[in-house]
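Residue numbers (the working numbering): 44 to 460.
Structure (structure tokens):
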């Protein structure tokens, strides 16, 4: 018990601004998806690049993983299953337990919430299978979804080809789990030079995706060329998109954390002072909002759409890492800014995990009432946005925190991250 308390007290300080930025991006994702019901990914969608928030999440996650764990690993074989590290160091098994405690309770809640909302979504076009799904199959898909293992086509009870039909937003969480596994088993052993090479190769993949260069034959007939949209299906196109969207942002975030800390034995290449700005949270939040609200470059002209691909590559490769660097290097000043960052940080993950069932419901409502005045649909969107935030905060306070505390006590050497 004394050892577990010592480990818990040794938790590192949080980057408050990065927590706040994660919340800002999560809110933009919700707004983007609510508007998507009416704009259907058309060029005039107001939050046109809202889907890039996923790539921003990956950069944040990679940075935080590197900061939290890079200097804590014990010197054992990478596949060692030992539950405890000697002298308070971190073993592979202990890392996986920590990540499961941090991520999986809310993931299970999001799957349950999606199941509870499922039959309210039966009026969506192309989703006739919903009302034909027996309750026992819904329960089976929900239990399967608790594992985060992709659903096979035989159990696609919505009919949209999603790997997580009860809550499509969970596709990116599955890939984040994969990134955590890759980090723990392989990538954490890379020295900075090797990691930089890996990130550089991943950047090349990002460029090929954004410019629609069909290297491996998966982009022959893309639904959304010259964008990074995709990743939620088991189709070859989506699998390649998901891998590409994951590799550069996540491991660039990891590289950025090492450049700040020198955790792999190298000297610090960057210091926090290089990226410290007054009002850092507000400037970084404004940058995220602007980047995700830029209209689609090239509009509907396919011959000019390559300019949109260049824009997305620039945002992912350069802008997002810089925003994370400035967010990590700056300080929150004043009680108001600290309170805002804290609140946004608390709801960010629950909001992302639980919001998509509301989007399904909105799509169904619109399909049933397409002739209602625009003011009514705006009111519905505002109500659903508010409900999403309330559900996120309530689930965080009443479910996520207590469950993680209970798991931490049961597994006694786990601390919340």
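Just so you know, even glycine gets a beta-carbon here, dropped at the ideal spot from N, CA and C. Note that the structure is predicted; figures quoted are calculated from it, not measured.
When DSSP states are grouped into helix, strand and coil, residue 133 belongs to the strand group. The residues 276, in chain order, have a CB closer than 6 angstroms to that of residue 204 in the same chain once the five nearest residues on each side in sequence are set aside.
When secondary structure is reduced to three states using DSSP, residue 214 falls in the helix class. Between the alpha carbons of residue 229 and residue 219 lies a distance of about 15 angstroms. Residue burial is scored here from C-beta neighbours: residue 400 has at least 16 other C-beta atoms within 10 angstroms and is therefore classed as buried. Beta-bridge analysis with DSSP links residue 116 to 133. In this structure, residue 373 lies near residue 324, with their beta-carbon atoms less than 8 angstroms apart. Looking at the backbone, the Cα of residue 412 and that of residue 422 are separated by about 14 angstroms. In this chain, the alpha helix (DSSP H) harbouring residue 246 covers 235-253. For residue 349, the enclosing alpha helix (DSSP H) covers residues 349-357.
Annotation for residue 62: the continuous alpha helix (DSSP H) segment containing it runs 59-82. Contact between residue 446 and residue 148 holds, with the beta-carbon distance rounding to 4 angstroms and staying under 8 angstroms. Per DSSP, the unbroken alpha helix (DSSP H) holding residue 287 starts and ends at 279-304.
Judged by DSSP in its simplified three-state form, residue 161 adopts helix. Closest option to residue 209, judged by alpha-carbon separation, among 439, 254, 165, 346: 165. For residue 440, the number of other beta carbons within 10 angstroms of its own is below 16, and it is reported as exposed.
A residue is called buried when at least 16 other Cβ atoms come within 10 angstroms of its Cβ; residue 162 does not meet this threshold and is exposed. Approximately 7 angstroms separates the beta-carbon atoms of residue 223 and residue 108; this is inside 8 angstroms, confirming the contact. Between residue 93 and residue 75 the beta-carbon gap is near 3 angstroms, inside 8 angstroms, which marks them as a contact.
Under a 10 Å Cβ-count criterion, residue 116 is classified as buried, with 16 or more other Cβ atoms of the shown protein chains found around its own Cβ. Setting aside the 5 residues that flank it on each side, residue 98 is surrounded in the same chain by 271, 288, 292, 359, 363, each with a C-beta closer than 7 angstroms to its C-beta; the list follows chain order.
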